[in-house]
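Asks: Residue numbers (my numbering), protein chains in the order written: chain V, 1323 to 1737; chain A, 84 to 328.
Where is the CB? At the ideal position from N, CA and C, for every residue including glycine.
1. So is residue 143(A) in contact with chain V if we call contact Cβ pairs under 8 Å?
2. Using DSSP with H/G/I as helix, E/B as strand and the rest coil, what is residue 231(A)?
3. So which residues on chain A does residue 1501(V) lean against when the C-beta distance must stay under 8 Å?
4. May I have a chain-ordered list of the beta strand (DSSP E) segments no shorter than 3 residues that lie completely inside the region 1397-1443 of chain V?
5. Can you confirm whether residue 1572(V), when its beta carbon is compared against all beta carbons of chain B, has any partner nearer than 8 Å?
6. Reducing DSSP to helix, strand and coil, say where residue 221(A) ends up.
7. Counting Cβ pairs, one atom from each stretch, are 3 or more of them under 8 Å apart for the region 284-299 of chain A and the region 173-189 of chain A?
8. Classify residue 1343(V) as helix, strand or coil using the three-state DSSP reduction.
9. The region 180-194 of chain A: which residues have C-beta closer than 7 Å to a C-beta of chain V, in chain order?
10. Check the DSSP bridge columns for residue 1384(V) and list the partner residues they point to.
11. Determine, using beta carbons only, whether residue 218(A) and residue 108(A) come nearer to each other than 8 Å.
12. Taking the alpha carbon of residue 182(A) as the point to measure from, which residue in 1389(V), 1457(V), 1373(V), 1495(V) has its own alpha carbon closest?
13. Over what stretch of residues does the beta strand (DSSP E) that includes residue 1502(V) continue unbroken?
14. Which value, in whole angstroms, describes the spacing of the CA atoms of residue 244(A) and residue 1695(V)?
15. According to DSSP, simplified to helix, strand and coil, what is residue 1601(V)?
16. Compute the Euclidean distance between the alpha carbons of residue 164(A) and residue 157(A), then round it to the nearest angstrom.
17. Relative to the alpha-carbon of residue 302(A), which residue among 134(A), 266(A), 189(A), 120(A) has its alpha-carbon at the smallest distance?
18. If you follow the beta strand (DSSP E) that residue 250(A) is part of, which residue opens it and which one closes it?
19. What are the residues in the region 1378-1398 of chain V lying within 9 Å of chain A by C-beta distance?
20. Out of 256(A), 200(A), 251(A), 230(A), which one is the CA nearest neighbour of residue 271(A)?
21. Please determine if the region 1546-1558 of chain V and the region 1338-1351 of chain V are in contact, where contact requires at least 3 C-beta pairs separated by less than 8 Å.
22. Taking the alpha-carbon of residue 1449(V) as reference, which of 1478(V), 1467(V), 1437(V) has the nearest alpha-carbon?
23. What number of angstroms, rounded off, separates the C-alpha of residue 1593(V) from the C-alpha of residue 194(A)?
24. Can you pull the chain A residues whose beta carbon is under 8 Å from the beta carbon of residue 1430(V), in chain order?
25. So, does the CB of residue 136(A) fall closer than 8 Å to a CB anywhere in chain V?
26. Pairs of beta-carbons, one from the region 1388-1402 of chain V and one from the region 1470-1485 of chain V, closer than 8 Å: are there three or more?
27. In whole angstroms, what is the alpha-carbon distance linking residue 321(A) and residue 307(A)?
28. Which two residues bound the contiguous beta strand (DSSP E) that contains residue 300(A)?
29. Is the CB of residue 202(A) under 8 Å away from at least one CB in chain V?
30. Quick check: the Cα distance between residue 1403(V) and residue 1368(V), rounded to an integer number of angstroms?
31. Please state whether DSSP places residue 1456(V) in a helix, a strand or coil.
32. Just list the residues that DSSP pairs residue 153(A) with in beta bridges.
33. In whole angstroms, what is the alpha-carbon distance linking residue 304(A) and residue 1564(V)?
34. For the candidate residues 1723(V), 1530(V), 1601(V), whose alpha-carbon lies nearest to that of residue 1420(V)?
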């Protein structure tokens, strides 16, 4: 009889034992698929949030604005940005560009006798262009986007609650202007946005770019241009270097990629490595279950080993037998676990995973949102399957070799 | 016995001298306040701030009534129509594009109104003796003018600066220089009077001064009165919220 047939028969004969081993492998596979999917989702989410709301993949700014950012030097803006946009959008790696003005402000609440003011962060954007930059399909939860030239605004749902206003409500923002004075504007809420980062949602509102330019006394100017790039075509770093040479303006420009801008973004690479290490540690822990099960199986089956040895089976054949048994169980266990992992990760990838929402709050600076959408990729599926088999094979090898070295007499005496 | 009498006389003299100086300091401050306070006044002026980013210039029209109420309206193109009203010890901001009037209280008053000048700098009024204990320190020549140096320590927390040192001209009772300190003793701002002019009724008026915020390195703000009208007829409604719209 062929050894693989004996192995299959043994698996079928010891259903409980096989089920236990297979389940351990399935659970490990399932957990690792989900863990890698979750971590990949978190990394992607972090990158997306940074690119969309904070730094872009590449950001263009007046170089002195970066230097004096803490003083909020609104007047250090970029003139004639339209011509810069033409150059930017001609780059093959650029997928979208967003000219913007960010302006911190204060909104008085409680009427004329109150001194209560709410800190807000305004963003002037070209909504026609911005629709291809921000995912309004997902974030705009009520109403519509403002029309250019109006004093309409979309406002973070949490900020609206804080200000005590709803759709059609009005709020007045006091801010520093580009003329280095101050100005205040009253805006009408026409839409509500729900942002992935709750800290941002509590402060952010968006208004038409031309209105912001008028409000802040920045005619024809923007504070920054954020750029998204297709990393398959080129890296943000390479695009920043290329645009840095191509873009010319009347003011000195900083063209930086997001890792240069945000220290936390630079941590993404490190985070990915750490996540991989966490995954490996998790896998090693799971493999101890496999090793334990296999050793248990071998000690349970000493009598059988002795009998097989007495019947003339060689040590090599014994190793092969136990190895194949473990391998078959691993293949089935890993496939089942990975299938379940793919199903759950895929489902959460669509509906989002918010069980850790509370813990994630306050991580806005890192760009991490409260709802994570796990992502399935080659590493979290195919590689997990291969790892499962490799670890199981290695885990089986040592106890199988031990079993093979036992003489029939010794085996029968132990039994 | 003789020595004891001498000591008593010396102590008595010292007390008398101190009380005479304190009273004198109060009188000086009172006189200084009176000279700079008018029943009504209208002026047009320019504020120029210079800092690391260059020069920023704003022009304004201002109306005032007594030592407390005033209305400032900016006239330069960037801030045209913006108004600051102080009435009933409250400060309000009006912006042409805002539907709400913005009241300024508490910590908000510490914000910059223009360059080195904060909102609280313009809210202090001139009833100095109600809020400060004053003491004569010494005399000093400031820009060629012999001045009294008077230290003022706030008696309430309701003032922008807990301590001020003012230098007042002995000849004309006009402020020539002022230093504003934090509670910790840190020097916050310095005011330097550049120009004093005599007007119709012979009264002296500061028409140009420079304020330097010591926490804003390399920054200074110059305030200059270009046109002044003393005791014009002003509508009572001018110092009301209604006048802002």
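Replies: Answer, in terms of the structure:
1. So, not an interface residue.
2. Residue 231(A): strand per DSSP, three-state reduction.
3. Neighbours of residue 1501(V) on chain A, chain order: 139, 161, 162.
4. Listed in chain order, they are 1416-1431.
5. In the structure shown, chain B cannot be found, because the protein chains are V and A.
6. DSSP places residue 221(A) in strand when its eight states are reduced to three.
7. No, because fewer than three Cβ pairs between the region 284-299 of chain A and the region 173-189 of chain A fall closer than 8 Å, the two stretches do not touch.
8. Note: residue 1343(V) maps to helix in three-state DSSP.
9. Of all residues in the region 180-194 of chain A, only 180, 181, 182, 183, 184, 185, 186, 188, 189, 191 come within less than 7 Å of chain V when Cβ atoms are compared, listed by chain position.
10. Residue 1384(V) pairs with 1575(V).
11. Yes, these two residues count as a Cβ contact at 8 Å.
12. Residue 1495(V) is the option with its Cα nearest to residue 182(A).
13. Going by DSSP, residue 1502(V) is part of no beta strand (DSSP E) at all; its letter is neither H nor E.
14. One C-alpha to the other measures close to 54 Å.
15. Correct three-state label for residue 1601(V): helix.
16. Whole-angstrom Cα-Cα distance: 6 Å.
17. The residue with the shortest Cα to Cα distance from residue 302(A) is 134(A).
18. Where residue 250(A) is concerned, the enclosing beta strand (DSSP E) stretches over 246-252.
19. Of all residues in the region 1378-1398 of chain V, those with a C-beta nearer than 9 Å to a C-beta of chain A are 1386, 1390, 1393, 1395, 1397, 1398, reading in chain order.
20. Distance check between residue 271(A) and each of 256(A), 200(A), 251(A), 230(A) places 200(A) closest, using alpha-carbon atoms only.
21. Result no; under three Cβ-Cβ pairs closer than 8 Å.
22. Looking only at 1478(V), 1467(V), 1437(V), the smallest Cα-Cα distance to residue 1449(V) is reached by 1467(V).
23. Each residue's Cα considered, the two are about 41 Å apart.
24. For residue 1430(V), the residues of chain A that pass the 8 Å Cβ criterion are 183, 185, 186, in the order they occur in the chain.
25. Yes, residue 136(A) counts as interfacial toward chain V.
26. Under the 8 Å Cβ criterion, the region 1388-1402 of chain V does not count as touching the region 1470-1485 of chain V, having fewer than three qualifying pairs.
27. If you take the alpha carbons of residue 321(A) and residue 307(A), they lie about 23 Å apart.
28. It is not in any beta strand (DSSP E) - residue 300(A) carries neither H nor E in the DSSP assignment.
29. Chain V, which has no Cβ nearer than 8 Å to the Cβ of residue 202(A), makes this no.
30. The alpha-carbon atoms of residue 1403(V) and residue 1368(V) are separated by roughly 28 Å.
31. Collapsing the DSSP output to three states places residue 1456(V) in coil.
32. Per DSSP, the beta-bridge partners of residue 153(A) are 147(A), 169(A).
33. Taking the Cα positions, residue 304(A) is about 43 Å away from residue 1564(V).
34. Checking every option, the nearest Cα to that of residue 1420(V) belongs to 1530(V).
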